[in-house]
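Numbering (full-length UniProt numbering), first residue to last: 1 to 91.
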């Protein structure tokens with residue numbers, strides 16, 4: 001469904017980071033908003049980095065950010081942020 005050509009990879013500090021295009025992220029957000037069976041969503045991507053108290057982003061109407069957890073990937077690598085979202089469909 002998604003081609004690897006849409007992702008750009010870059011090496012930095014012995015880690016591989018993958019950045020997806022904004023079109024791909026918007027497509028994923030739209031798909032997630034239509035999935036009513038999701039209760040919790042764990043993501044390595046912050047889907048609304050400019051979130052405010054009154055945010056009208058469709059993703060923010062479907063999910064609320066519970067917390068951000070730092071996860072170790074290896075001994076030397078920096079911690080990876082994992083964003084935990086809760087669905088508003090199941091309230």
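C-beta atoms are modelled at their ideal positions from N, C-alpha and C, and glycine is treated no differently. Values in this document were obtained by computation on a predicted structure and should not be read as measured data.
For residue 58, which residues of its own chain have a beta-carbon under 8 Å away from its beta-carbon, when the five flanking residues on both sides are left out?
-> 29, 30, 33
Cα-Cα separation, residue 55 to residue 49 = Roughly 11 Å separates the two Cα atoms.
According to DSSP, what are the bridge partners of residue 87?
-> 63
Run the CB neighbour count on residue 77, radius 10 Å, all protein chains shown included, and call it buried at 16 or more, exposed below.
-> By the neighbour-count definition (other C-beta atoms within 10 Å, threshold 16), residue 77 is an exposed residue.
Whether residue 20 touches residue 46 by CB criterion (8 Å) = Against a cut-off of 8 Å, the Cβ pair of residue 46 and residue 20 comes out as no contact.
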